[in-house]
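Chains as they are written, first to last, in my numbering: chain A, 58 to 315; chain B, 58 to 315.
This report concerns only the one structure given below.
Protein chains: 2
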Amino acid sequence: MDGGFRGEDGLKSLGKVMRVLECFSTRDRSLSLGEICARTGFPKATAHRLVASLRDVGLLDQDRERDRYRLGLRLFELGNTVLANMDLHREARPFVEQLTRLSGHSVHLAVFDGRAAVVIHRADPHAEGSPAAFIEAAPAHCTSVGKAILAFQPPELLARLAGPAGFARYTDRTITHPAALAAHLEETRARGWSLDEGEHQPGLRCIGAPIRDQTGRVFAAISVSAPVRELTQPRIPAAVKLVRHAAQGLSAALGWRG
Amino acid sequence: MDGGFRGEDGLKSLGKVMRVLECFSTRDRSLSLGEICARTGFPKATAHRLVASLRDVGLLDQDRERDRYRLGLRLFELGNTVLANMDLHREARPFVEQLTRLSGHSVHLAVFDGRAAVVIHRADPHAEGSPAAFIEAAPAHCTSVGKAILAFQPPELLARLAGPAGFARYTDRTITHPAALAAHLEETRARGWSLDEGEHQPGLRCIGAPIRDQTGRVFAAISVSAPVRELTQPRIPAAVKLVRHAAQGLSAALGWRG
DNA sequence: GGGTCCGTCCCGCAATGCGGAACAGCGGTC
DNA sequence: GACCGCTGTTCCGCATTGCGGGACGGACCC
């Protein structure tokens, strides 16, 4: 991503700031100044000024001078506020717990950020307490929550999300060709629920359904997932019913009357 | 906070960006351009350029043009990464669960961000699933996690955190005078655990203990809390033992040998 | 239809940020 | 302890970016 701008140009400095922040991930937990230079292409002095400023406002952290950098706690605080302010997250608990209990499968609740499905809630039938594993944004084109959302977006969005070589491949079953995905999403839209047959993770079957806001716009989705040997073909119709019911309940809780 | 810079000046634009982001909170979930102008003091054109840029990179969201702004999902994603990358968070689960079970009280785990105690994990003995309520950064001077951390920081930090009128008052019991707090923290440090007697929330008693990283530096704390009528005076010694044991276990898990 | 208020956009100007180069600090080797 | 190599930090002349007053457009109200 070239500095994160999606529309026309904004503040150039902000674009540079985003490019620095995007160097970090769950795989690249901390980075030296040299590594940040290498990944962003910024000269040493420029990169140093950027990271020093980010550290001063708390968006990056550093244990001591000359040490490696990592994402700062201020981001966690702001991210917490995003979640706390989200109506969907506030309403979700009973629906997610009920779907987990009734289906016996893992449940994911994701919001669309314009290019990926961001999981904001996850529940496992066999785990207790808060989810231990965090999921970064899931690719929209090959996950059930992503496809449940994409099926109800304007057609030009799909064109915009496809890269020059189509969509990224994750497994042998990933649909990478834009035209094939468009047709697939047309089917998803017609039946009102999505199916991921190991397109993102091998051997995993997921069923998703779209969630609407009070204006009827699809902005989120919920899904159940399990290994194929567990969520067998004969069990799909019952799971579909449960997921759609949870999605409709959440949509109604958010003010959708449809 | 004047643009968030703690040291010498950094990028001016980043300071402005932070001032915009800091206008939002769990109380101010969405804001119009005019409201952002009023809170930041920026002229309309300046504020508009800032929020448009933030929206373009996903740090702010807007349902449609001319609509109100809110914090964007990209912040949640980055905040998620902060948490996922945190050794303390990854190691914490069994210690927090055990402390919750043995003490029968609410447990909080917080990290110091340089001025506040940021709660990253919370568990209640009577609640199931992930914590529903989110806590913004807790003031360090009047919470048990905050005081457990402050007691082991350099003395000049306390001077820096105090405002011109001392520390903010939350209840009748809040210690607001810097000298009084310094003496209080000296006692905390000597005995190795902290006590919050309704200093932040009336009628709530909390006991906290510091957590060290592999170098021995105190950067986090854990606490139990309950209403005074539940966590009575005779029950304090047993609770102290449990909290300190959990803190020491977590410190050891992080590589502290002391 | 007119008025008010808010948001968006333009462009001359001022402020900020850039980055090559020099310097400082740290770790490793002899 | 001295030296070397590498990385991080700082400086300052210059170029680019961001600023903000004002004009314009849109939505809402009377």
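Note that CB positions come from ideal geometry on N, CA and C, so glycine has one too.
These numbers were taken from a predicted model, which means no experiment stands behind them.
- Listed along the chain, the chain B residues whose CB falls inside 7 Å of the CB of T97 (chain A) amount to none; the nearest CB is some 15 Å away.
- For G91 (chain A), there is no enclosing beta strand (DSSP E); the enclosing alpha helix (DSSP H) has its first and last residue at L90 to T97.
- Boundaries of the alpha helix (DSSP H) around L107 (chain A): K101 to D113.
- For A266 (chain B), the enclosing beta strand (DSSP E) covers residues L261 to R269.
- Interface criterion not met: the Cβ of E213 (chain A) is under 8 Å from no Cβ in chain B.
- Distances from the alpha-carbon of R125 (chain A) to those of A:M143, A:A102, A:V153 and A:F81 put A:F81 closest.
- Residues of the region 87-119 of chain B with a C-beta atom less than 9 Å from some C-beta of chain A are S87, R106, L107, A109, S110, L111, R112, D113, V114, G115, L116 and D118, listed in chain order.
- If the five residues before and after C199 (chain A) are omitted, its C-beta is found closer than 6 Å to the C-beta atoms of Y227, T231, E256 and H257, all from its own chain and listed in chain order.
- Going by DSSP, F169 (chain B) is part of the beta strand (DSSP E) stretching over S163 to F169.
- When C-beta distances to chain B are compared with 7 Å, the residues of the region 137-157 of chain A below that value are N137, T138, V139, L140, A141, N142, R150 and E154, in chain order.
- The C-beta of T200 (chain B) comes no closer than 8 Å to any C-beta of chain A.
- For the 8 Å CB-CB criterion, R131 (chain B) and D170 (chain A) form a contact.
- Beta-bridge analysis with DSSP links L128 (chain B) to B:L117.
- Secondary structure at H241 (chain A): helix, using DSSP grouped into helix, strand and coil.
- Annotation for G115 (chain B): G129 and R131 place their beta carbon closer than 6 Å to its own, counting only its chain and skipping 5 residues before and after.
- For P284 (chain A), the pairing in a beta bridge is given by DSSP as A:L261.
- Residues of chain B with a Cβ closer than 7 Å to the Cβ of F81 (chain A) are, in chain order, T138.
- Taking a cut-off of 8 Å for Cβ pairs, the region 194-210 of chain B and the region 235-244 of chain B touch, as three or more such pairs fall below it.
- No Cβ of chain A is located within less than 8 Å of the beta carbon of G306 (chain B).
- Residue nearest to V74 (chain B) within the set A:T233, A:Q271 and A:S70 is A:S70 (criterion: CA-CA distance).
- Among the CB atoms of chain A, none fall inside 8 Å of the CB of E122 (chain B).
- Of all alpha-carbon atoms in B:A219, B:G72, B:S89 and B:R106, the one lying nearest the alpha-carbon of G67 (chain A) is that of B:R106.
- When the beta-carbon positions are compared, E134 (chain B) and V175 (chain A) come within less than 8 Å of each other.
- Among the residues facing chain B, G67 (chain A) is included, as its CB has a counterpart in that chain under 8 Å away.
- Taking C-beta separations shorter than 8 Å and ignoring five residues to either side along the sequence, the partners of R127 (chain A) in its chain run F81, R86, S87, L88, L117, D118 and Q119, following chain order.
- Chain order gives the chain B residues near S70 (chain A) as L68, S70 and L71, where near means a beta carbon separation below 8 Å.
- DSSP places E254 (chain A) outside any alpha helix (DSSP H); the residue lies instead in the beta strand (DSSP E), whose first and last residues are S251 to E254.
- Linking D229 (chain B) to L90 (chain B) through their CA atoms gives a straight-line distance of about 38 Å.
- Against chain A, a Cβ distance below 8 Å from D170 (chain B) picks out G115, G129, L130, R131 and E134.
- A residue is called buried when at least 16 other Cβ atoms come within 10 angstroms of its Cβ; P211 (chain A) does not meet this threshold and is exposed.
- B:V164 is the residue among B:R123, B:V108, B:P284 and B:V164 whose C-alpha sits nearest the C-alpha of P151 (chain B).
- In the three-state DSSP reduction, G273 (chain B) falls in the coil class, being neither helix nor strand.
- Secondary structure of P221 (chain A) (DSSP, three-state): coil.
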